[in-house]
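S.K.: As they're listed, the protein sequences go chains A and B.
For the first sequence, my numbering assigns the number 1103 to the initial residue and increments by one for each residue that follows.
For the second sequence, my numbering assigns the number 1103 to the initial residue and increments by one for each residue that follows.
We treat Cβ as the ideally placed atom computed from N, Cα and C, and that holds for glycine.
All values derive from a computational prediction rather than experimental measurement.
Sharing a structure below in structure tokens format, with a few things to ask.
2 protein chains.
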Amino acid sequence: MDLMWISVVAGIVGIGIVAYFVRYVLRQDQGSKEVREISSAIQEGAMAFIGREYRTLSIVVVVLAVILAAVPELGWRISVAFIFGAVCSMGAGFAGLSVAVRTNGRTCAAAQKGLNSGLRVAFRGGAVMGLTVVSIGIIGMAILYFAWHESANFLAIIPAYGTGASLVALFARVGGGIFTKGADTGSDLVGKVEAGIPEDDPRNAAVIADNVGDNVGDVCGMGADLFESYVESIIATMTLAMVATAIGAVADFSAAWAMPMLIAAGGIFASIIGCFMVRVGEKLEMSALLGALRRGTLGASLLTAIFSFLVIYFLADNLNLFWAVLAGLLAGVLMGESTNYFTSYAFKPTQEIAETSCSGAGTTIIQGFANGMMSTWPPVILIAIAIAVAFHFGSFYGVALAATGMLSTLGVTLATDAYGPVADNAGGIATMAGLPEEVRERTDALDSLGNTTAATGKGFAIGAAALNSLGLILSYALVTEIISISATGAIVVAQPGEFNLLSAPIIIGILLGALMPPTFCAMTMKSVGVTAKAIVEEVRRQWREIPGLREGKKEVKPDYGKCVDICTKSALKQMLAPSIMTIVAPVIVGLVLGKFALAGFLLGALTTGFIFAITLNNAGGAWDNAKKWIEAGHFGGKGSEAHKAAVTGDTAGDPMKDTSGPSLNIMLKLMSVVSLMLAPVLMHFTGLI
Amino acid sequence: MDLMWISVVAGIVGIGIVAYFVRYVLRQDQGSKEVREISSAIQEGAMAFIGREYRTLSIVVVVLAVILAAVPELGWRISVAFIFGAVCSMGAGFAGLSVAVRTNGRTCAAAQKGLNSGLRVAFRGGAVMGLTVVSIGIIGMAILYFAWHESANFLAIIPAYGTGASLVALFARVGGGIFTKGADTGSDLVGKVEAGIPEDDPRNAAVIADNVGDNVGDVCGMGADLFESYVESIIATMTLAMVATAIGAVADFSAAWAMPMLIAAGGIFASIIGCFMVRVGEKLEMSALLGALRRGTLGASLLTAIFSFLVIYFLADNLNLFWAVLAGLLAGVLMGESTNYFTSYAFKPTQEIAETSCSGAGTTIIQGFANGMMSTWPPVILIAIAIAVAFHFGSFYGVALAATGMLSTLGVTLATDAYGPVADNAGGIATMAGLPEEVRERTDALDSLGNTTAATGKGFAIGAAALNSLGLILSYALVTEIISISATGAIVVAQPGEFNLLSAPIIIGILLGALMPPTFCAMTMKSVGVTAKAIVEEVRRQWREIPGLREGKKEVKPDYGKCVDICTKSALKQMLAPSIMTIVAPVIVGLVLGKFALAGFLLGALTTGFIFAITLNNAGGAWDNAKKWIEAGHFGGKGSEAHKAAVTGDTAGDPMKDTSGPSLNIMLKLMSVVSLMLAPVLMHFTGLI
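And the structure:
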């Protein structure tokens, strides 16, 4: 029997657990009338956004599929795989989002019973996203495998599946990122220009869009991002199968193909067990709450390590590859912790930013930005060590397998991420609906925990994107025959002069690639500003034109839908330019400067992209929490000069940490996977320089 | 006769013109009593700083020289060259600084006669720095050449000269950068915590330190930075001489060695002519003033192109190399223009930042930072094109020669840079001494011009550092025998597997190298904060303890010297950690990870360093000028909410543009030249991974 069936079983079991969690969540009390009303407004907004986004996306997918089908060396199977990847990711995103927006109100209601009930509902709502992503991801890959693994161009088909997923991730991360921060910044700024409209006032028409944004950004965006990383890590590992046989790690191709799928399957089982390990007592202590989630993720990591050991023990000729998987797994866990250290107000870096806020906003910015840059150390070192170990034990194949290892526990780590916005929404709803103090204390505790998991989740996502992108670049080099593996397992360079580090095409490729991430960040950061501006104008218009709104008459509601609509349209319009650039740039570089320069280009982009992603993410996260630290009563507390300075830091950091930074993950992966997909075409171009 | 004598003649002529300019400046009227007093306080402060800096520096130089002499494969000649390089750079810096601080008051006095007199005095004061740097630089190189060019290890001796210069540049840029921004930010912040001490109030004890800072940062720091670039571009070109003969560009080594020296000599003559072309009428128009300086720099560029053509026509076998020189020359000019576009308030990017300031400091930061990231496009593209052209026409040698071409007009471009702080000081002195309105209008116009030239100068310095660093990396690869040039001129890789772009050591090297610039920036940015804090405390102490100071009694003066002293000590202490990291990191990478990884490390650092330097420099410059644009009466003018937001941007940008950004230039070059100097040792290490 083909071992690949085990992965199908894992996927089906995962879907089963998803169904159980969905049923569990939907059976919960929906809360009071106010809670239900607010929650359903958020639901409507989220569905309106995703509906429009998916419509636009579908058109783009179809157009690109037609183009792909027309490229002579690719063929229709690649088009189909591309569409299939996009559909799978869209399905997973839709499922996760629909459940998340139905969980927020129910979390409020459950929190009335107790902290543990609240945590369980919120976490299970988030776990739907986590387990759906891994289950659909692995089943999709298995379907492709069973359908076409005997085709001559199977290794050219699977990257198309990843590219489809990547395109969806681009829309979800960039579009979702612009939406969420446009709404957030807009609803925040409006108070500055129009007196009397605070950020979380129900009369502020942007308030629902802000809550919708948390879901489309952090649930849907993060989900699509990691769906992509997940399937692409498997794709890269499969593509590099010939390396595994050449270095004598496995006996044949089929074992090298099955290995990442089986490790992923083990990870699904481990994640399910991890999800059930998340529970907490009734004490309102962050450490207890954090401990509850940690138990889930670390338990799953440990189990995954054990499962991976078994897979490699039975499938491979020696245990070398196990060390590669372990390196990836550990690097992922530690990268999350490093992000937590640099962004949580429990630690010195963020507290220092809060302290610096006492001398004004200018120094807050300096300190926060310096903190962000300094925080690049641990992740880069961790990834470098993981690469060194993986290379040593498994050459190129080892690096890709390390990424698979890192991502194998995604079912539960993504659950903790997606839990964040659910808890955040629950907190917002509890405030808006005026629930009792003790309930709000509980939802606040859950929300605060969500911030920590969001931070670690982002660190993990960046690391996964980087390692994964590297795996794809290595695959690209192999498929374009820049590099081949000799019978003894040594790396052979086809044209050594052309592919040495200091040849002109490589240097120029690296420089041009390095340019992409900052440009991309600049574009997306500006997009947030444009969207926020439109929101400010709309809120002020409603304030002016809707009679009774300003006075706060009970029956008068602002037109929340209009703000959602503006954000949606603006996000989709603004993401156009950076998206086109991301898709087109590698193709142009490949066609004009050649396949060697393209390898340099991808690595250059990975280098600056990785650094910028960490810097922007951690600077933004630390500013946010420095503000919260001051609000918790330090350095003068809320309303002090230090607080004002910290608010400036928070505003500046918002698009960095929630739009530009996370979008870079997609950019790096998308450029790499597009190059890999087009490798059969690009391999013939050696370039003008 | 050896052609190298021409370069000595150029250097001597340059020194002659310097003497003429010094005499000219010193003969000018020193101005009123107030002007003389303030000017001499600045002089004293500057001399105190440089005295202490040079003492510390001398100890470091001697210690390192002893270590170098003890390394078996290097020898005493390398130690001597290292000391010689340091002494030359220190001499040039001292001469430039001494004259600059004597020119500021005289510029005030001359501006009383008219705009043209003011410009001439200020410019000639700055030109002393420019021409001293190139003259001493070229004479020093010539001395080394005549003394040792027949030694077997001549090519190992000359990088030591560059390393000596680089060490001085490190002290001048990093130490000077921390000094200047610590004083500036400190004197600015003190007004926020202690009511009644505005930034430019004579009762503010930090005010003189602030003015001293302009000189030690922008005159001495910029001078040492470009002295290093200047000599190292020649060093890299000479080191790559064997490439020039292999590709058939020149007949023998001596021609390949002479070529960069002769192009530099041509550049000195061109710069001298350019200096005399700077003059302006009496109309207070920025365009006329800018036109006057442009005439000087562009005239010199044109002449240099012509001289280079002649040199190559007579010295080389074909004109190929001329295109390399031209590519470098053009890239340098255009990079300056690009910086000007992104940072001057005459253009859209900066005006947009000013506009965004209307919605608060948070959005100002976002817009400015996005602008900085976007501004990486033109410089990177320009450098990429220059590299492509240079590689095509002259292989590695061409790239180094392009850097020489870019830097050949340094005599006049550095004159326009050093003019900036002189004019800035003159403006400050005119205000403090209460000179008549019309004089202050003139000094303001000169100051405003100085801001523009400072911006273009910084863009130029970054480009020069990047291209130059690349030349050194290529030299390193050749000397360590990673790469060699075949008899047909093709690049041959010694161990292709080890030096391919995607081998583990290279990837890990690139990642670790990429980490250096952000870490370095984080350290230096925090240093500014520490220094500023100390200054704030000292100014407040004096305010509290000196009787009559608070009341502004006429005969009571604050202890300016104490602030200078604090800044000096703090700067020298704070620069320790980043400096040690810069010197030690490449050595460790080379010894532990091997010579291949070190090549990747240097290129990785160059990649992120180049991007960060441009981003930080241009974001900071644009924030500064957005503030000035608002102060000029736009968006509510001085005191408006928009102005407050813009001030925050300016404060945040100060250490970015004047400390961290410019210091990156040195970091990139220093790491490269240290690697090149130690190449004879490092070539034996192939690394642990």
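Since residue 1721 of chain B contacts residue 1758 of chain B with CB under 8 Å, what's their CB separation in whole angstroms?
M.R.: 6 Å
S.K.: How big is the Cα-Cα spacing for residue 1152 of chain A and residue 1332 of chain A?
M.R.: 22 Å
S.K.: Pull up the CB-CB distance for residue 1188 of chain B and residue 1267 of chain B, whole angstroms please, since I reckon it's below 8 Å.
M.R.: The beta-carbon separation of residue 1188 of chain B and residue 1267 of chain B, rounded to 7 Å, stays under the 8 Å limit for a contact.
S.K.: Looking at the structure shown, is residue 1602 of chain B part of a helix, part of a strand, or coil, going by DSSP?
M.R.: In the three-state reduction of the DSSP assignment, residue 1602 of chain B falls in the strand class.
S.K.: List the endpoints of the continuous beta strand (DSSP E) containing residue 1586 of chain B.
M.R.: 1585 to 1587
S.K.: Anything in chain A within Cβ reach of residue 1458 of chain B, meaning under 8 Å, just list it in chain order.
M.R.: What residue 1458 of chain B touches in chain A: 1631.
S.K.: Would you say residue 1256 of chain B reaches chain A, if we count a Cβ-Cβ gap shorter than 9 Å as a contact?
M.R.: no
S.K.: Along the chain, which unbroken stretches of the beta strand (DSSP E) at least 3 residues long are found entirely within the segment 1194 to 1253 of chain B?
M.R.: none
S.K.: Does any residue of chain B bring its CB to less than 9 Å from the CB of residue 1713 of chain A?
M.R.: yes
S.K.: Could you say if the segment 1728 to 1735 of chain A and the segment 1251 to 1268 of chain A meet the contact criterion of at least three C-beta pairs nearer than 8 Å?
M.R.: no
S.K.: Pull the bridge partners of residue 1292 of chain B from the DSSP assignment, please.
M.R.: Among the bridge pairs identified by DSSP, residue 1292 of chain B is matched with none.
S.K.: Give the range of the beta strand (DSSP E) segment to which residue 1593 of chain B is assigned.
M.R.: 1593 to 1595
S.K.: Is it a yes or a no for the segment 1332 to 1344 of chain B touching the segment 1503 to 1515 of chain B, going by three-plus beta-carbon pairs under 8 Å?
M.R.: Verdict: yes, contact present.
S.K.: Start and end of the alpha helix (DSSP H) containing residue 1681 of chain A?
M.R.: Bounds of the alpha helix (DSSP H) holding residue 1681 of chain A are 1678 to 1690.
S.K.: Is the beta carbon of residue 1251 of chain B closer than 9 Å to that of residue 1459 of chain B?
M.R.: no
S.K.: Using a Cβ-Cβ cut-off of 6 Å (strictly less than) and excluding sequence neighbours within five positions of residue 1339 of chain A, which residues of its own chain qualify?
M.R.: 1362, 1502, 1503, 1506
S.K.: Put residue 1145 of chain A into one of helix, strand or coil per three-state DSSP.
M.R.: helix
S.K.: Report the CB separation of residue 1283 of chain B from residue 1441 of chain B in whole angstroms; it is logged as a contact under 8 Å.
M.R.: About 19 Å; that fails the 8 Å criterion.
S.K.: Please state the DSSP three-state secondary structure of residue 1744 of chain A.
M.R.: helix
S.K.: What is the DSSP secondary structure of residue 1119 of chain B, reduced to helix, strand or coil?
M.R.: helix
S.K.: Which residues in chain B sit within 7 Å of residue 1821 of chain A, going by Cβ to Cβ distance?
M.R.: Residue coverage of chain A in this structure runs from 1103 to 1791, which leaves residue 1821 of chain A outside it and unanswerable.
S.K.: Any beta-carbon of chain A closer than 9 Å to the one on residue 1750 of chain B?
M.R.: Yes, its Cβ sits closer than 9 Å to a Cβ of chain A.
S.K.: Measure from the alpha carbon of residue 1198 of chain B to the alpha carbon of each residue in B:1578, B:1323, B:1129, then state which is nearest.
M.R.: B:1323
S.K.: Would you mind stating whether residue 1342 of chain A and residue 1705 of chain A have Cβ atoms separated by less than 9 Å?
M.R.: no
S.K.: If we cut at 9 Å on Cβ distances, does residue 1602 of chain A have a partner in chain B?
M.R.: At least one C-beta of chain B is nearer than 9 Å to the C-beta of residue 1602 of chain A.
S.K.: Do you know offhand how far residue 1550 of chain B's Cα is from residue 1395 of chain B's?
M.R.: 13 Å
S.K.: Specify whether the segment 1535 to 1544 of chain B and the segment 1616 to 1635 of chain B touch according to this definition: at least 3 beta carbon pairs, one from each stretch, less than 8 Å apart.
M.R.: no
S.K.: Taking the alpha helix (DSSP H) that residue 1358 of chain A belongs to, which residues open and close that run?
M.R.: In the DSSP assignment, residue 1358 of chain A falls within the unbroken alpha helix (DSSP H) covering 1355 to 1378.
S.K.: With 7 Å as the limit, tell me which residues of the segment 1738 to 1768 of chain B have their beta carbon closer than that to any beta carbon of chain E; keep them in chain order.
M.R.: Note that chain E does not occur in the displayed structure, where the protein chains are A and B.
S.K.: Going by alpha carbons, who is nearest to residue 1498 of chain B out of B:1723, B:1696, B:1351, B:1229?
M.R.: B:1351
S.K.: With 9 Å set as the bound, which would you pick, yes or no: does the beta-carbon of residue 1627 of chain A sit closer than that to a beta-carbon of chain B?
M.R.: yes
S.K.: If you drop the 5 nearest sequence neighbours on each side, which residues of the same chain put their C-beta closer than 8 Å to that of residue 1405 of chain B?
M.R.: 1368, 1371, 1372, 1375, 1376
S.K.: Give the straight-line distance between the Cα atoms of residue 1109 of chain A and residue 1327 of chain A, rounded to the nearest whole angstrom.
M.R.: 21 Å
S.K.: Does the beta-carbon of residue 1331 of chain A, which I'm using as the reference point, lie nearer than 8 Å to any heavy atom of the ligand ADP?
M.R.: Only the bare structure without any ligand can be found here, which leaves the ligand ADP out of the picture.
S.K.: Using a Cβ cut-off of 9 Å (strictly closer), state whether residue 1294 of chain B contacts chain A.
M.R.: yes
S.K.: Using the C-alpha atoms, what's the distance from residue 1756 of chain B back to residue 1640 of chain B?
M.R.: 21 Å
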